[in-house]
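Here is the structure we will look at, set down as C-alpha cells.
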Amino acid sequence: MLLLFDIDLTLLTSGGAGEAALHLAGREVIGPSYSHEGLQVAGRLDRLIFADMLALNGVATDEATQERVRERYTHHLGEQLTLTDRKAALPGVHDVLASLRGRTDVVVGVLTGNYERSGRMKLDAVGIDASQFVVQAWCDFAPRVQPKRADLVDVAMRQCEQRTARRLRGKDVVVIGDTHHDVDCAKAHGCFSVGVATGRTSAAELAAAGADCVLESMADVGATLRAFGVA
Ligand SMILES: [Mg+2]
Numbered sequence: 092m093l094l095l096f097d098i099d100l101t102l103l104t105s106g107g108a109g110e111a112a113l114h115l116a117g118r119e120v121i122g123p124s125y126s127h128e129g130l131q132v133a134g135r136l137d138r139l140i141f142a143d144m145l146a147l148n149g150v151a152t153d154e155a156t157q158e159r160v161r162e163r164y165t166h167h168l169g170e171q172l173t174l175t176d177r178k179a180a181l182p183g184v185h186d187v188l189a190s191l192r193g194r195t196d197v198v199v200g201v202l203t204g205n206y207e208r209s210g211r212m213k214l215d216a217v218g219i220d221a222s223q224f225v226v227q228a229w230c231d232f233a234p235r236v237q238p239k240r241a242d243l244v245d246v247a248m249r250q251c252e253q254r255t256a257r258r259l260r261g262k263d264v265v266v267i268g269d270t271h272h273d274v275d276c277a278k279a280h281g282c283f284s285v286g287v288a289t290g291r292t293s294a295a296e297l298a299a300a301g302a303d304c305v306l307e308s309m310a311d312v313g314a315t316l317r318a319f320g321v322a
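In this note's numbering, the protein residues as written are 92 to 322.
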C-alpha cells in the first residue's frame, strides 16, 4: 500500500508563516499596490497560486516572474518559520508516522502543492524528517503548462513502482489531505481518499466532496491506521 500525505494542514500548520511569506513576496515583486483579494491557496499547487497572484494584480506570468516570486517566497518562508511560535505538527502526526516506520507492506510518501525546497523547510520546522518519505511528489514535478494536482499522483505512483519494482493500481494508493483538491486528485486515479478535517474544510464538506473516509484529525493512531486500511 502507498500512503500519500498532503503537507499543509494535514501533517502540519506553519502557524501562518506560509501565507505571510506569500504576501511579503507578492508585495516585493508587485509593489505597494499588491492585493491578495480573492486568492485561493488551500490545496493548490504553488505554481498555480503564484500565477493567480500575478494575474489578480495584472502582472504577466512569465517564467522569470514566476521564478522571482518563488525565490522571494522561499526566502521569506525561512524567516517567517523562525519568527512564529505557532508552527506545529498536527495532533497524532508524529505517532502515526512513527507507527508506519519499518512496515514492509506500506510505502509512505508526500504529495503536495509545495515546491520541494519550501516543503522541506516546513517539515524541518516542525521536526518531521523528510527522509522518511520514500515517495516525494512535489510541485517541481508537475508539468509547467496547465499543471494539476492529479499529475502528482502519477509522479508518486511511478516513483513507488521504481522503488518497489511492483506495478501499482489506483486501489493500492491512499491519498490523505484536508481539502477537496486532495479528494479530487485521488478520485482521478481511482485511489482511496481519506479526508482529514484539520484544515478549513469540515468533515461534512470532505465527505460531500467524495472522500471515502473522513477523520476529524489523526490524534487517534489506531483509528487513523484503520481509515488508511493498514491497521
Ligand atoms: Mg493541505
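Positions of the beta carbon are idealized from the N, C-alpha and C atoms, including for glycine.
query: Taking 8 Å as the threshold, find out whether the stretch 168-187 comes into contact with the stretch 104-119 through three or more Cβ pairs.; result: yes
query: Considering Cα atoms alone, identify which of LEU102, ARG159, LEU145 is closest to LEU181.; result: LEU102
query: Shortest alpha-carbon distance to PHE224 belongs to which of GLU296, THR292, THR203?; result: THR203
query: Once the 5 residues before and after LEU95 are set aside, which same chain residues still bring their CB inside 6 Å of it?; result: GLY200, LEU202, ALA247, VAL266
query: Would you please state the rounded distance, in angstroms, between the beta carbons of ALA142 and GLN157? I believe it to be under 8 Å.; result: 7 Å
query: Check whether the stretch 252-271 touches the stretch 216-223, taking contact to mean three or more Cβ pairs, one atom from each stretch, closer than 8 Å.; result: no
query: Closer than 6 Å between the C-beta and any heavy atom of ligand 1: which residues qualify, listed along the chain?; result: ASP97, ASP99, LEU100, THR101, GLY134, GLY268, ASP269, THR270, GLY290
query: Taking C-beta to C-beta, are VAL287 and LEU306 nearer than 9 Å?; result: yes
query: Could you check the C-alpha separation between ALA314 and GLU207 for me, to the nearest Å?; result: 30 Å
query: Quick check on DSSP: helix, strand or coil for THR165?; result: helix
query: Taking only three categories from DSSP, how would you classify ILE65?; result: What is shown of the chain runs 92 to 322, which leaves residue 65 out entirely.
query: Tell me whether GLY327 sits in a helix, a strand or coil according to DSSP, three-state version.; result: This structure cannot speak to residue 327, because the chain is shown only from 92 to 322.
query: Note down the Cα distance separating ALA189 from VAL198, rounded to an integer number of angstroms.; result: 13 Å
query: From the DSSP output, in three-state form, read off VAL285 for me.; result: strand
query: From this set, THR152, GLY281, CYS282, ASP273, which residue's C-alpha is nearest LEU297's C-alpha?; result: ASP273
query: Excluding the 5 residues preceding and the 5 following ALA294 in the sequence, name in chain order all residues of the same chain whose CB lies nearer than 8 Å to its CB.; result: GLY286, ALA288, VAL305, LEU306, GLU307
query: How close, in whole Å, do the beta carbons of ASP269 and GLY290 come, if the pair is a contact with beta carbons under 8 Å?; result: 3 Å
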